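Here is the structure we will look at, set down as structure tokens.
Number of protein chains: 2
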Amino acid sequence: LLGDTSYPAGSLVLEAGCGVGAKTITLASRNPGARFVCTDISAESLAKAKEHNLDNVTFQQADIFAMPFPAAMFDHVFVCHVLEHLTDPVAALRKLRPVLKPGGTITVIEGDHGSCYWHPETLASQTVWQCLIRAQARLGGDSLIGRRLFPLLTEAGFADVRVSPRAVYCDASRQDWVDGFVRKTIIAMVEGVKTQSLELGLTDEQTWRQGIDDLNQVADRSDGTFNYMFFKAVAER
Amino acid sequence: LLGDTSYPAGSLVLEAGCGVGAKTITLASRNPGARFVCTDISAESLAKAKEHNLDNVTFQQADIFAMPFPAAMFDHVFVCHVLEHLTDPVAALRKLRPVLKPGGTITVIEGDHGSCYWHPETLASQTVWQCLIRAQARLGGDSLIGRRLFPLLTEAGFADVRVSPRAVYCDASRQDWVDGFVRKTIIAMVEGVKTQSLELGLTDEQTWRQGIDDLNQVADRSDGTFNYMFFKAVAER
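Chains Z and E, in that order, are what the protein sequence lines are.
With the first letter of the first sequence counted as 1, position 111 gets the number 111 in our numbering; the numbers rise by one all the way through.
With the first letter of the second sequence counted as 1, position 225 gets the number 462 in our numbering; the numbers rise by one all the way through.
Here it is in structure tokens:
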């Protein structure tokens, strides 16, 4: 996802919504000549992000809807897995645009839970996956946002919006991906909404267990395959 | 889809299920030093394929389940949009494997209708898309076969199976794709099962019209986006 993102030496880059710094580490180490200002609304996340001790990064607590920066301060803006959590992603993008220099670029990366399918696909595994989508929707976000990056950035006033899909495909010949993506990312993410899904009545305990078992089968079986799509957009102020 | 398929001069390549030669034209012209034997079960399709007058291609009527070729005759086999129509794709692959020389490769390309999603997504547009999947299933095929290329080739005895996803993404900045893929391929394909869908009672006339209108909106609107995934597999005998 980040392989084709590079910032020239001397660039000043805003990462809005850095969380615990998962992407910051990669960005900062791959672009040692650039300086990064990384913001998040959560002081707790920022405290963890600071533990990475990155020389070319300054962390700062800030609300994405109220950026405390002067106009045209940054050469580039980077936003990853943030918009999916917001009730009004266009409003956030509109707040980010002015802090970019004219000609500066914004890079936005999001997933799309509606892009996900697998083999073998069972009713129970589809049900627990829909629980994840619906549970996230209850929190006000949109986990199907990847497909909307083009209209969102266009509506927010950005120019020359270019979106590219980034497919993740896993089968038994790619055990590192099966383990790192299917088991430790996807299934872990679904398991994270178990309590909420049962409390909301989105499914019952037995279907839940069956669905998680079935997803694990996709990872464990020699004939299992799994697909997910991320989207990466680059646009100009 | 064919950009990374090339055959060395002197290769003898079997294209099984060439239809009217849509892919044959590209393969034959991009690989002028290779010779192609292209088969199809339909004499009518072959007659159309022959009209392309390709120097390095021999057309021959043949059933994929009864290939009239000696063992180890071909350096490579190419199969595109064929397995989705078969009730027993593994059996077909098992029939193709012996005609390959040891170390020869098979290339298989298929779509996956379950990979398809768009924005804005409406209930009616989802319904007509499901009609396409269900109408094709009634004919004995599997339009969700792309995700299964790895297990199918493995089960048929092929070695070193490598599958890669090929995403098609369209938005208003890519009008050539919107027109060529969304309008002329996807919507045309859905419209092709209208009579069958209504006769089978998969939906009603009003929902059908609304669904087609909604799909056309995806193509027409400035905020529409569309996604589809093809899969390409390469394996050794």
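Beta carbons: idealized from backbone N, C-alpha and C, even for Gly.
Values in this document were obtained by computation on a predicted structure and should not be read as measured data.
Setting aside the 5 residues that flank it on each side, E:Leu-435 is surrounded in the same chain by Asp-441, Glu-442, Trp-445, each with a C-beta closer than 8 Å to its C-beta; the list follows chain order. Close partners of E:Ser-243 in chain Z (Cβ separation under 7 Å) are lacking, with about 23 Å as the shortest Cβ gap. For E:Thr-359, there are no C-beta contacts with chain Z under 7 Å, since the nearest C-beta of that chain is about 14 Å from it. Assignment of beta strand (DSSP E) within the region 120 to 205 of chain Z, counting only whole runs of 3 or more residues, yields 159 to 171 in chain order. E:Pro-388 is classed as buried because its beta carbon has at least 16 other beta carbons within 10 Å across all chains shown. For the region 129 to 153 of chain Z, the set of positions with a beta-carbon nearer than 7 Å to some beta-carbon of chain E reads Arg-147, Arg-148, Phe-150, Pro-151 in chain order.
It is roughly 11 Å from the alpha-carbon of Z:Thr-26 to the alpha-carbon of Z:Leu-1. Bridge pairing for Z:Met-229: Z:Asp-112, Z:Ala-167 [DSSP].
Under the three-state reduction of DSSP output, E:Ala-329 falls in the helix class.
Among the residues facing chain Z, E:Arg-399 is included, as its CB has a counterpart in that chain under 8 Å away.
Measuring C-alpha to C-alpha distances from E:Ile-424 to each of E:His-350, E:Asp-379, E:Glu-473 identifies E:His-350 as the nearest. Closer than 8 Å to the CB of E:Asp-408 there is at least one CB belonging to chain Z.
Taking 8 Å as the upper bound on Cβ-Cβ separation, chain E lies near residues Asp-112, Gly-114, Ser-115, Tyr-117, Trp-118, His-119 of the region 109 to 120 of chain Z.
A check of alpha carbon separations from E:Ala-409 across Z:Ala-159, Z:Glu-191, Z:Val-77 identifies Z:Ala-159 as the nearest.
Between Z:Asn-227 and Z:Arg-221, the alpha-carbon positions lie close to 15 Å from each other. Residue pairing from DSSP places Z:Ala-16 in a beta bridge opposite Z:Thr-39. One thing to note: E:Thr-276 has its Cβ no nearer than 8 Å to the Cβ of E:Phe-315. A residue is called buried once 16 or more other Cβ atoms fall within 10 Å of its Cβ, and Z:Pro-89 is buried on that count.
Within the model, the alpha-carbon separation for Z:Asp-55 versus Z:His-76 is close to 19 Å.
Under the 8 Å criterion on CB atoms, E:Asn-464 is classed as interfacial with respect to chain Z.
Per DSSP, the unbroken beta strand (DSSP E) holding E:Thr-295 starts and ends at 294 to 298. Spanning the alpha carbons of E:Leu-437 and E:Glu-428 requires a straight line of approximately 15 Å. At a cut-off of 8 Å between beta-carbon atoms, E:Ala-404 makes contact with chain Z. Check the Cα spacing between E:Ser-352 and each of E:Lys-332, E:Thr-359, E:Arg-411, E:Arg-385: the tightest is with E:Arg-385. According to the DSSP assignment, Z:Ile-25 belongs to the alpha helix (DSSP H) that extends over 22 to 30. Close CB contacts of E:Val-319 within its chain, under the 6 Å cut and outside five residues either way in sequence, are with Gly-254 (chain order). For Z:Val-77, the enclosing beta strand (DSSP E) has its first and last residue at 74 to 80.
Put simply, the backbone Cα of E:Ala-284 is about 47 Å away from that of Z:Leu-215. Only Arg-221, Ser-222, Asp-223, Gly-224, Thr-225, Phe-226, Asn-227, Met-229, Phe-231 from the region 199 to 232 of chain Z bring a Cβ to less than 9 Å from some Cβ of chain E.
In the structure shown, Z:Gly-3 falls within a coil segment according to DSSP collapsed to helix, strand and coil.
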